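J.:
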Amino acid sequence: MDLSSINPILLVASIMVSATPILLAAIGEMVVEKAGVLNLGVEGMMITGAVVGFAIAVNTGTPGLGFVAAACAGAVLSLTFAFLTQYLLSNQVATGLGLTLVGLGLSSLIGKPYEGIKSPTLPKLDIPILSDIPVIGPMLLSHDIMVYFSLALVAAVWAFLKYTRAGLILRAVGESADSAHALGYKVVNVRVMAIMFGGACAGLGGAYLSLVRVPQWTEGMTAGAGWIALAIVVFASWRAGRVAVGAYLFGGITVLQLNLQAAGAQVPVALLSASPYLITILVLVIISAKGAHGAPAALGRAFHASN
Amino acid sequence: MNRRTLFASVAAATLAATTVFADDPVKAGFVYVGPVGDGGWTYEHDKGRLAVEEALGDKVETIYQENVPEGADAVRAITQMALSGADIIFTTSFGYMDPTLEVAAKFPDVKFEHATGYKSAENVATYSSRFYEGRAIQGHIAGNMTKSNKIGYIASFPIPEVIRGINSAYLHAKKVNPDVEMNVVWVYTWFDPAKEADAARALIENGVDVVLQHTDSTAPQAAAQEAGNVITFGQASDMADYGPMPRVSSIIDNWAPYYIERVQAVIDGTWETVDTWGGIDTGMVGIGEITDAVPAEVKAEALAMKDAIGAGEYHPFTGPINKADGSVWLAEGEVAPIGDLLGMNFYIEGITSEIPN
Chain A
1 MDLSSINPIL
11 LVASIMVSAT
21 PILLAAIGEM
31 VVEKAGVLNL
41 GVEGMMITGA
51 VVGFAIAVNT
61 GTPGLGFVAA
71 ACAGAVLSLT
81 FAFLTQYLLS
91 NQVATGLGLT
101 LVGLGLSSLI
111 GKPYEGIKSP
121 TLPKLDIPIL
131 SDIPVIGPML
141 LSHDIMVYFS
151 LALVAAVWAF
161 LKYTRAGLIL
171 RAVGESADSA
181 HALGYKVVNV
191 RVMAIMFGGA
201 CAGLGGAYLS
211 LVRVPQWTEG
221 MTAGAGWIAL
231 AIVVFASWRA
241 GRVAVGAYLF
251 GGITVLQLNL
261 QAAGAQVPVA
271 LLSASPYLIT
281 ILVLVIISAK
291 GAHGAPAALG
301 RAFHASN
Chain B
308 MNRRTLFASV
318 AAATLAATTV
328 FADDPVKAGF
338 VYVGPVGDGG
348 WTYEHDKGRL
358 AVEEALGDKV
368 ETIYQENVPE
378 GADAVRAITQ
388 MALSGADIIF
398 TTSFGYMDPT
408 LEVAAKFPDV
418 KFEHATGYKS
428 AENVATYSSR
438 FYEGRAIQGH
448 IAGNMTKSNK
458 IGYIASFPIP
468 EVIRGINSAY
478 LHAKKVNPDV
488 EMNVVWVYTW
498 FDPAKEADAA
508 RALIENGVDV
518 VLQHTDSTAP
528 QAAAQEAGNV
538 ITFGQASDMA
548 DYGPMPRVSS
558 IIDNWAPYYI
568 ERVQAVIDGT
578 WETVDTWGGI
588 DTGMVGIGEI
598 TDAVPAEVKA
608 EALAMKDAIG
618 AGEYHPFTGP
628 INKADGSVWL
638 AEGEVAPIGD
648 LLGMNFYIEG
658 ITSEIPN
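First to last, the sequence lines map onto chains A and B. All residue numbers for the first sequence refer to my numbering, where the first residue is 1 and numbers rise by one. All residue numbers for the second sequence refer to my numbering, where the first residue is 308 and numbers rise by one.
(1) Can you check whether the CB of B:Glu420 is closer than 8 Å to the CB of B:Tyr434?
(2) Take the Cβ of B:Ile597 as the centre, count every other Cβ of all protein chains shown within 10 Å, and call the residue buried at 16 or more, exposed below.
(3) Can you give me the C-alpha to C-alpha distance between B:Ala638 and B:Gly626, rounded to a whole angstrom?
(4) Going straight from the alpha carbon of B:Thr349 to that of A:Leu106, what length do you get?
(5) Whose C-beta lies closer than 7 Å to the C-beta of A:Gly116 among residues of the same chain, with five residues either side of it excluded?
(6) Tell me whether the region 501-514 of chain B and the region 545-560 of chain B touch, counting them as touching only if at least three CB pairs, one residue from each stretch, are closer than 8 Å.
(7) Compute the beta-carbon to beta-carbon distance between A:Met146 and A:Thr62, rounded to the nearest angstrom, for a pair I have assumed lies under 8 Å.
(8) Mind checking if A:Leu258 is an interface residue toward chain B, Cβ cutoff 8 Å exclusive?
(9) Tell me where the beta strand (DSSP E) around B:Lys413 begins and ends.
(10) Closest to B:Ala609 by C-alpha separation, out of B:Ser524, B:His479 and B:Ala501, would be which residue?
(11) Just checking my contact of A:Ile253 with A:Thr280 at CB under 8 Å: how many whole Å lie between their CB atoms?
(12) Under 8 Å: do the region 543-553 of chain B and the region 335-343 of chain B share three or more Cβ pairs, one atom per stretch?
(13) What does a CB cutoff of less than 8 Å around A:Thr143 pick up in its chain, not counting 5 residues either side in sequence?
(14) Within the same chain, show all residues whose beta-carbon is closer than 8 Å to that of A:Val245, passing over the 5 residues directly before and after it, in chain order.
(15) Classify A:Tyr163 as buried or exposed, calling it buried when 16 or more other Cβ atoms lie within 10 Å of its own Cβ.
(16) Any idea what DSSP makes of B:Phe397, helix, strand or coil?
(17) Name the chain A residues whose beta carbon is nearer than 8 Å to that of B:Ser524?
(18) How about B:Asn513: is its C-beta nearer than 8 Å to some C-beta of chain A?
(19) Determine the extent of the alpha helix (DSSP H) in which B:Lys481 is found, giving its start and end residues.
(20) Considering only the alpha carbon of each residue, which of A:Ile56, A:Ile9, A:Gly251 and A:Ala73 lies closest to A:Ile195?
(21) In angstroms with no decimal places, state the Cα-to-Cα distance between A:Ala229 and B:His352.
(22) DSSP beta-bridge partners for B:Asp575?
(23) Which residue comes first and which comes last in the beta strand (DSSP E) that contains B:Ser556?
(24) Hey, could you find the ends of the alpha helix (DSSP H) B:Val333 is sitting in?
(25) How many Å lie between A:Gln86 and B:Ser391 at the Cα?
(26) Strictly below 7 Å CB to CB, what residues from chain A border B:Asn374?
(27) State yes or no: is the beta carbon of B:Arg508 nearer than 8 Å to at least one beta carbon in chain A?
(28) Could you check the C-alpha separation between B:Gly585 and B:Gly593 for me, to the nearest Å?
(29) Roughly how many whole angstroms lie between the Cα atoms of A:Leu84 and A:Gly41?
(30) Could you check whether the Cβ of A:Thr254 sits closer than 8 Å to any Cβ belonging to chain B?
(31) Tell me, to the nearest whole angstrom, how far the beta carbon of B:Ala501 is from that of B:Met612; I am working on the premise that it is less than 8 Å.
(32) Given a cut-off of 8 Å, decide if B:Phe498 and B:Thr522 are closer than it, judged by their beta-carbon atoms.
(33) Along the chain, which unbroken stretches of the alpha helix (DSSP H) at least 4 residues long are found entirely within the region 17-101 of chain A?
(34) Would you call the region 202-220 of chain A and the region 46-53 of chain A touching, i.e. three or more CB-CB distances under 8 Å?
(35) Confirm, please, whether the CB-CB distance from B:Ile538 to B:Val570 is below 8 Å.
(36) Do three or more CB pairs link the region 647-663 of chain B to the region 480-495 of chain B at distances below 8 Å?
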């Protein structure tokens, strides 16, 4: 077995790129679920973000604007979900699945003129001094801005939920909407904002796929990434740090196993191919085995002030 | 006529056709493994469907379902199509083989056509293309153009159709460049742009400068373009948007004549089960334009090979060829028997990795 052709610097760089879309979508969904709402429409919001981000980046020539537009598109799409589930009290599971279908259909409609077009991609950061550090520089410190943004977002979400009053309210709404309501908090408003945040994150994740990771627009290009994000939230037992671990494990092992194959490693391919799923689930289950790991108590339950 | 105006005119024709009422048009159903906008495999099947509508007008009505997973869910999708009154159903991916037979047994009056499989029945015909003929031409170009002597191959599933392509490409690359190495990456999906791009990137990072793909999306083309100095080939569809570099040529699946002929047979009541395997000779396998990125003499050789294959003068699998384990497969001058091609489950000598099972 000759694995010398694998360049660890390039490998780590690829892993970070591969993990970012799932991480963005998963951290958003985690906040939504922390507020007690189960939005299964991540896939639909991601792909809408992917196509809108791509379209705007192509038309303006500025990938940054593409990301902003993608976040807005994801948030706007999630508003329909928020309206249906929070005001009309529709079933969250059914509405979320519907959102996925709408997103897939809408994106292929918007995306038709953009097939086969090249987009401006996000430039890699070139930080003076830092990016020039041998090994660590090219490995960790010279990616595009969204990689760092996603990691910063994870830290921000963690701090928000743990240390801020607003975060406490959000968690209270997710644990017991009735109690939060009795205390005078606006349950529906909190949930709508959480849903929009989740939509915006999913949109960013989608745009990262179409603008950086692939980079192109192809119909149906998320190909299940939204579902992976949903699964990671559950296996990470609704903890921000573990969501990051899960996303990096999944993205990392996906890239690693492809590299092992490309380098000709003598490991059964079927095993390599299944490894991202197996290892991610295994690791997250093990680290979640002890300590509190319950779902938010009000997850998926509709709330109305009259109850 | 570019692709978009084609779409528009076909759509207009379709609209015109459906406004005319006909007596009981034949209903043709298509089951797709990916979205029609994948730019590759499913895109070409859907072009065939649209060609059927255009050619047969109000005598036919077509329906399709995209993104149907292979396996159990395919049974549901195909059954639903049969229940909705389809007279002929094309199932367009290898993994629909058993589901198609299962549903066909329950609907003896419905005709089924399964692409790329090898199991048929009284009401199930099979059809496929000799993609390996196109792979031979790609291998020839790849072997000539690689500088690192490493060719990457993004493979989907370890089935004969895919293995034939790998062997054919490697054989012809090695003929012109004995030092060439084949790096195969199995992605276990037909369509997942992100994973296909990751696979292309992994190959490129491991020193490959030619990427062949047997997956459906254009993502590997985009990844190669980003890397620069890597060449690719359009797969299933021309993928001309990525020419002249990285895409230097392509295999184009042209299903339209076959689909029109088979639906016409249903209309005429002459349909019977057949096993069609078309190649460059019948036009079912097309070779996309070889761009100027390819040296002129290599291009001329490639075109000569295409003509020789099309005329039946040259078979890509002509001995002497040994299997990977060193045993003799084909003796000097021997041409591969069709059974060996259809069930191919071995690499030829020189490919060092194992085929997953």
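Backbone N, C-alpha and C fix where the C-beta goes; we use that ideal spot for every residue, glycine too. Quick caveat: nothing in here was measured; it's all calculated off a predicted structure.
T.: Once the coordinates are examined:
(1) yes
(2) buried
(3) 5 Å
(4) 19 Å
(5) none
(6) no
(7) Not really, about 14 Å apart at Cβ, beyond 8 Å.
(8) yes
(9) Per DSSP, B:Lys413 belongs to no beta strand (DSSP E); it is in the alpha helix (DSSP H), Met404 to Lys413.
(10) B:His479
(11) 7 Å
(12) no
(13) It is His, not Thr, that sits at residue 143 of chain A in the sequence shown. Excluding residues within five positions, the ones whose Cβ falls inside 8 Å are Ala13, Met16, Val17, Lys124 and Leu125.
(14) Ala236, Val283, Leu284 and Ile287
(15) exposed
(16) strand
(17) Thr218 and Met221
(18) yes
(19) Pro467 to Val483
(20) A:Ala73
(21) 32 Å
(22) Paired residues: none, contrary to the question.
(23) Arg554 to Asp560
(24) Counting along the chain, B:Val333 falls outside any alpha helix (DSSP H), though it belongs to the beta strand (DSSP E) covering Val333 to Val338.
(25) 37 Å
(26) Gly220
(27) yes
(28) 11 Å
(29) 13 Å
(30) yes
(31) Not really, about 35 Å apart at Cβ, beyond 8 Å.
(32) yes
(33) 42-60 and 63-82
(34) yes
(35) no
(36) yes
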